[in-house]
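The structure appears right after this line, and notes come after that.
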Amino acid sequence: MVQAMTSSTDESLYSTVPDADGRFGVYGGKFVAETLMSALRELEELYVRLAADADFRRELDADLAHYVGRPSPLYEATRWSDTIGGARIYLKREDLNHTGAHKVNNTVGQALLAKHMGKRRVIAETGAGQHGVATATIAARLGLQCQVFMGEEDVRRQALNVYRMKLLGAEVIPVTSGSRTLKDAMNEAMRDWVTNVDDTFYIIGTVAGPHPYPMLVRDFQCVIGREARAQSLERCGRLPDALVACVGGGSNAIGLFHPFLKDDSVAMYGVEAGGYGVATNQHAAPLTAGTPGVLHGNRTYLMQDTDGQIMHTHSVSAGLDYPGVGPEHAWLKDIGRVHYVVANDDEALAAFHTLTKVEGIMPALESSHALAYAGKLAATMSPEQFIVVNLSGRGDKDIHTVAQIDGIEF
Amino acid sequence: MSRIAGCFTRLAEAGQTALIPYVVAGDPGPEVTVELMHRLVAEGADILELGVPFSDPMSEGPVIQLAHERALAHGVSLRDAIGMVRRFREQDDSTPVLLMGYANPVEHMGYAAFADAASAAGVDALLTVDIPPEEAEPVNRELQRAGMDNIFLVAPTTPTERIARIAERASGFLYYVSLKGVTGAGHLDTAEVAERIALMRQHSSLPVAVGFGIKDAATARAVAAVADGVVVGSALIQAMATALEQGGDHAAAMDAATGLLAEIRRGVSAAAS
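In structure tokens:
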């Protein structure tokens, strides 16, 4: 994982971010209350030291191989590609990881940091519950106390994952403030951390939050892109023509993109949640329709009103239902390296059904946004070209949501 | 000399500690705030701290979170808060007023535009909870240009060498967060506060005000014995919320807040004698 940061000899643009202050251009930084500044510094120092430590890397690699089940396959979706008739589509199968999504790549890494810091308690925020489950899972394995903050609205919508976390020994704390969703869960996790900073490690689930989180979560997720790059070379003898990944906070996307940033021939598309359509304001697409601001410890693109208040978001996928985005994505948008686009709820749902029926793979609704855009993109390309899509999670957790939309009750 | 510096100088000469109530602009309703500010001054407030409503007040406990939500339900914005100070200044040109809030509304308005509007309205200082010294240079530049003070937090977790660095950038006073936690938490350790303030005084000549966890005359008195200023927020806001829950109107809510402030004033003044 951390080789991306430590073994890079290339002094190009992409290996110089974040800078020592945690900034990606004008984005990122450490916008938190003074009480947390020491804890962030301590975390940064420990991480930089461990990232260069061969024993730590071995420990992490062993977990990724034997606990998570890496490497994940790169699968050619032949029938789906044939139907489209354009570029070949390969799926990076993060859905096959233990716990069913890319989230665990990061929680395994951060839990090891917590262990090295001697923290006995971990906390996490969660929206759909995937990061909460991944955190509860690794806490169970390491014998750490675990509390997960989850908006009351999401607790109701995601009852199955709530029970899953309880089975794993975690306590799920419903958050009743604000809009009662992911952003409020993150507020509450920060409040807990500021209160229990001495004995608690906060496992942030995406490439947002204050420095060093956007950097270290990225580094832990880069295993996706490193594998995909090697697998592409091995299978196709060359790099892909395009990469596609969904972007909520953006951790699965940065994990896929980052190891390819220096490869100019590889186009990249980050797909945000268009909800009911960007024109309706009922979406979760800050890079497409937002403006820069400060939230949850970093400067980035946000969905905000004219007074600088954070707006409510909408997406059929709870995991993308967040008004901000990782600061590195904000920077990659501004410098033009990655194209940020949207897929609406209905397009994502259609892609969910298509992949399930044509390939026998049920994707998470989050990942379905990436699939929806990849399908459109492939149609504009030739069969000699190929696209890698990050299939960031499996769709079992979304069966209830899809059934409800289809008017089916159990 | 700024209104804040003048206030602390005058109080120090009189052997008194500054009492600094915190209320949220627009809580419980936008029409209440200016009158409430005047009444708090009448009951012994030396400096007023006006909270700017924000959708995601990450450092606040439940009491002040709800105050932000009530104010936002009335659509109260940073511009509205500045407007309230302007109206307050029509009758009170001497009591210092500082705005306390979060980075995003200020950043969205623009640091320069904010500093111009706020100083023209008679705002004396800004405290942004989530702009630590590392991120403060751009806003500091504009506040200094407009002649405003920038208030910084010092926490129980702030290393000693960092205190001096914070103090270099600060003006007006240093705000010591008395506990690890959110506003309104209940585990204030006054002996530890005394120790930390003594340490801060070795690194800064700025006055030190203490906030978070001060809820009644007794805790105010204990803190006033060692600090230059005492901030009370959650207790006042809870008093107003309770009065409203019991069926009281806005006047009853203000009575509850000012009644509690008068008690706390006696505690603070007793510490001086």
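Taken in order, these protein sequences are the chains called A and B. For the first sequence, counting from 1, position 95 maps to 96 in the numbering used here; every step adds exactly one. For the second sequence, counting from 1, position 110 maps to 106 in the numbering used here; every step adds exactly one. Beta carbons are placed, not taken as given, at the ideal position from N, Cα and C, and that holds for glycine.
Kindly indicate which three-state DSSP category residue i falls into: helix, strand or coil?
{"i": "A/K167", "result": "helix"}
{"i": "A/D265", "result": "coil"}
{"i": "B/L256", "result": "helix"}
{"i": "B/D185", "result": "coil"}
{"i": "A/Q148", "result": "strand"}
{"i": "A/N345", "result": "coil"}
{"i": "A/K31", "result": "strand"}
{"i": "A/D242", "result": "coil"}
{"i": "B/M96", "result": "strand"}
{"i": "A/E12", "result": "Residue confidence for A/E12 is low, a pLDDT of 47 falling below 50, so the modelled location carries little weight and cannot support an answer."}
{"i": "A/Q4", "result": "Residue placement at A/Q4 is flagged as unreliable, the pLDDT there being 39, under the threshold of 50; a coordinate-derived value is accordingly withheld."}
Flag residue i as yes if its beta-carbon sits less than 8 Å from any beta-carbon of chain B, otherwise no.
{"i": "A/V27", "result": "no"}
{"i": "A/T196", "result": "yes"}
{"i": "A/Q305", "result": "yes"}
{"i": "A/G250", "result": "no"}
{"i": "A/M151", "result": "no"}
{"i": "A/G396", "result": "no"}
{"i": "A/N188", "result": "yes"}
{"i": "A/G238", "result": "no"}
{"i": "A/G412", "result": "The structure shown does not extend to residue 412 of chain A, since chain A is modelled only from 2 to 411, so the question has no answer here."}
{"i": "A/V3", "result": "Residue confidence for A/V3 is low, a pLDDT of 37 falling below 50, so the modelled location carries little weight; the figure read from the coordinates is stated next. False, the Cβ-Cβ gap to chain B never drops below 8 Å."}
Between the C-alpha atoms of residue i and residue j, what's the straight-line distance to the nearest angstrom?
{"i": "A/A52", "j": "A/F258", "result": "20 Å"}
{"i": "A/K334", "j": "B/A151", "result": "36 Å"}
{"i": "A/L296", "j": "A/M304", "result": "10 Å"}
{"i": "A/N188", "j": "B/D52", "result": "7 Å"}
{"i": "B/K176", "j": "B/E164", "result": "23 Å"}
{"i": "A/E360", "j": "A/G291", "result": "35 Å"}
{"i": "B/R(-1)", "j": "B/H199", "result": "23 Å"}
{"i": "A/V176", "j": "A/S233", "result": "43 Å"}
{"i": "B/R82", "j": "B/L46", "result": "13 Å"}
{"i": "A/R80", "j": "A/F387", "result": "14 Å"}
{"i": "A/E172", "j": "A/Y323", "result": "23 Å"}
{"i": "B/R35", "j": "A/I409", "result": "59 Å"}
{"i": "B/V222", "j": "A/Y203", "result": "34 Å"}
{"i": "B/A266", "j": "B/L32", "result": "24 Å"}
{"i": "A/Y374", "j": "A/D96", "result": "18 Å"}
How would you list, in chain order, the residues of chain B whose beta-carbon sits under 9 Å from the beta-carbon of residue i?
{"i": "A/Q111", "result": "Correct list: empty, because the minimum Cβ distance to chain B is about 20 Å."}
{"i": "A/K184", "result": "S51 and D52"}
Does any residue of chain A bring its CB to less than 8 Å from the CB of residue i?
{"i": "B/V59", "result": "no"}
{"i": "B/E241", "result": "no"}
{"i": "B/A132", "result": "no"}
{"i": "B/S55", "result": "yes"}
{"i": "B/A166", "result": "no"}
{"i": "B/V189", "result": "no"}
{"i": "B/L139", "result": "no"}
{"i": "B/I16", "result": "no"}
{"i": "B/A181", "result": "yes"}
{"i": "B/S200", "result": "no"}
Counting C-beta neighbours from all protein chains within 10 Å, is the total for residue i 16 or more, i.e. buried, or is it exposed?
{"i": "A/E45", "result": "buried"}
{"i": "A/Y164", "result": "exposed"}
{"i": "A/V224", "result": "buried"}
{"i": "A/L14", "result": "exposed"}
{"i": "A/L356", "result": "buried"}
{"i": "B/S90", "result": "exposed"}
{"i": "B/P155", "result": "exposed"}
{"i": "A/F411", "result": "exposed"}
{"i": "B/E138", "result": "buried"}
{"i": "A/H370", "result": "buried"}
{"i": "A/E228", "result": "buried"}
{"i": "A/L114", "result": "buried"}
{"i": "B/A113", "result": "buried"}
{"i": "A/I400", "result": "exposed"}
Taking residue i as the query, report the chain A residues whose CB atoms sit under 8 Å from its CB, ordered along the chain.
{"i": "B/I159", "result": "The premise fails here: B/I159 is roughly 10 Å from chain A at the closest Cβ pair, so nothing lies under 8 Å."}
{"i": "B/D126", "result": "F32, V33, A34, V295 and G298"}
{"i": "B/V20", "result": "The contacting residues do not exist; B/V20 stays about 14 Å from chain A at best."}
Report the neighbours of residue i on chain A: residues whose CB is nearer than 9 Å to its CB, in chain order.
{"i": "B/F50", "result": "G309, Q310 and I311"}
{"i": "B/G177", "result": "T36, R192, V195, T196 and N197"}
Compute every distance between the C-beta of residue i and the non-hydrogen atoms of the ligand GDP, then say whether any falls below 7 Å.
{"i": "B/P203", "result": "This structure lacks the ligand GDP; in fact it carries no ligand of any kind."}
So which residues on chain A does residue i lean against when the C-beta distance must stay under 7 Å?
{"i": "B/S73", "result": "D308"}
{"i": "B/P155", "result": "S39"}
Strictly below 7 Å CB to CB, what residues from chain B border residue i?
{"i": "A/R1", "result": "A query on residue 1 of chain A cannot be resolved here, the shown segment of chain A reaching from 2 to 411 and no further."}
{"i": "A/D22", "result": "E130"}
{"i": "A/S178", "result": "Q61"}
Query raised in the report: Taking any Cβ of chain C, which residues in the region 85 to 115 of chain B have a Cβ under 7 Å from it, in chain order?
Result: Absent from the structure is chain C; the protein chains it does hold are A and B.
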